[in-house]
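Residues in the sequence shown are numbered from 3 upward in steps of one, following this note's numbering. No residue lacks a Cβ here, since even glycine has one placed at the ideal position from N, Cα and C. Working notes for the structure below.
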Amino acid sequence: MASRKSPYLFAYLLCALGLTPVTSLAAEFAVLVVDQQGMPVANAVIESPGAAVSIAPSQIAIIDQVNKRFVPMVIAVQRGQRVNFPNNDNIRHHVYSFSAIKQFSTELYADTPGAPVAFEQSGVAVLGCNIHDSMVGYIYVSDWQNVAVSDASGLVRFEQSAIPEQIVVWHPWSNDTDNRRTVSTASISEGGTLEVQLSITNPERAFGFRALRDQ
Ligand SMILES: [Cu+2]
Numbered sequence: 003m004a005s006r007k008s009p010y011l012f013a014y015l016l017c018a019l020g021l022t023p024v025t026s027l028a029a030e031f032a033v034l035v036v037d038q039q040g041m042p043v044a045n046a047v048i049e050s051p052g053a054a055v056s057i058a059p060s061q062i063a064i065i066d067q068v069n070k071r072f073v074p075m076v077i078a079v080q081r082g083q084r085v086n087f088p089n090n091d092n093i094r095h096h097v098y099s100f101s102a103i104k105q106f107s108t109e110l111y112a113d114t115p116g117a118p119v120a121f122e123q124s125g126v127a128v129l130g131c132n133i134h135d136s137m138v139g140y141i142y143v144s145d146w147q148n149v150a151v152s153d154a155s156g157l158v159r160f161e162q163s164a165i166p167e168q169i170v171v172w173h174p175w176s177n178d179t180d181n182r183r184t185v186s187t188a189s190i191s192e193g194g195t196l197e198v199q200l201s202i203t204n205p206e207r208a209f210g211f212r213a214l215r216d217q
């Protein structure tokens with residue numbers, strides 16, 4: 003007397019074991035960002051639409067200041083999330099942004115400034131330091147929960163309910179309009195990797211940049 007296999011049997015057994023059955027399979031995929039030479043690109047922001055931000059994460063994001071640089075140079079946060087700007091240099095910095103999505107200015111400070119700054123509008127806030135003109139940082143504020151920045155290997159991995167039809171790739175040195183490109187994901191399947199090639203111009207390799215930094 004063979005028992006009939008039921009699709010519900012497995013779920014029933016999981017419940018009996020106190021485990022929750024997976025009702026919607028998660029889609030995993032990766033994005034690899036490379037430059038015109040095929041080299042991996044760090045600091046690229048990838049937005050993968052799907053789940054919109056409703057309540058911003060309470061976790062406070064960090065942009066540090068080390069050796070007169072913003073570290074990391076680029077962060078991605080969800081709309082409404084807060085960012086703090088600790089100072090690891092033994093000199094003082096004065097962080098500001100004049101960007102359309104957020105204008106703020108810290109007092110000249112050492113160590114950690116007072117209150118973190120909340121970013122309530124999506125878009126890009128460019129950071130500067132009033133004392134050191136060559137310091138530039140970027141806060142990418144996203145309407146989507148799935149947003150991340152590529153590491154030194156140029157990779158970002160996503161796991162969400164479904165692969166979106168399109169992703170957005172942003173890099174501060176990208177030659178695309180507004181440094182943004184919308185890329186179709188039609189060519190990737192579950193578990194796959196989408197390679198995105200950007201044309202970027204590194205301002206740190208431009209003549210005069212180093213001299214500016216050393217001022
Ligand atoms: Cu500074």
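> Where DSSP assigns a beta bridge to I1, which residues make up the other side?
Replying inline: No answer is possible for residue 1: it lies beyond the span of the chain, which begins at 3 and ends at 217.
>> Using a Cβ-based criterion (distance less than 7 Å to any ligand heavy atom), does M137 qualify as near ligand 3?
In response: With respect to ligand 3, the structure shown offers nothing to examine, as its ligands consist of ligand 1.
>> Within 10 Å of its beta-carbon, does A2 have 16 or more other beta-carbons around it, so buried, or fewer, so exposed?
In response: What is shown of the chain runs 3 to 217, which leaves residue 2 out entirely.
> Going by beta carbon distance, what residues of the same chain come within less than 6 Å of D91, once the five residues before and after it are set aside?
Replying inline: In the sequence shown, the residue the question calls residue 91 occupies position 89. Closer than 6 Å at the Cβ level, and outside the excluded window around D91, lie Q67.
> What is the chain-ordered set of residues for which the beta carbon lies under 5 Å from any non-hydrogen atom of ligand 1?
Replying inline: The set of residues whose C-beta lies within less than 5 Å of a heavy atom of ligand 1 reads, in chain order, H95, C131, I133, H134.
>> For a test of the three-state rule: what should DSSP assign to E206, helix, strand or coil?
In response: The count along the sequence shown starts at 1 and reaches residue 206 at position 204. Under the three-state reduction of DSSP, E206 is assigned to helix.
> So, are the CB atoms of Q168 and S186 less than 8 Å apart?
Replying inline: In the sequence shown, counting from the first residue as 1, residue 168 sits at position 166. In the sequence shown, counting from the first residue as 1, residue 186 sits at position 184. Q168 places its beta carbon less than 8 Å from that of S186.
> What is the DSSP secondary structure of T179, reduced to helix, strand or coil?
Replying inline: Along the sequence shown, read from residue 1 onward, the residue named residue 179 stands at position 177. In this structure, T179 counts as helix in the three-state DSSP scheme.
>> Distance check for H173 and T203, CA to CA, integer angstroms please.
In response: In the sequence shown, counting from the first residue as 1, residue 203 sits at position 201. In the sequence shown, counting from the first residue as 1, residue 173 sits at position 171. So the two alpha carbons sit approximately 10 Å from each other.
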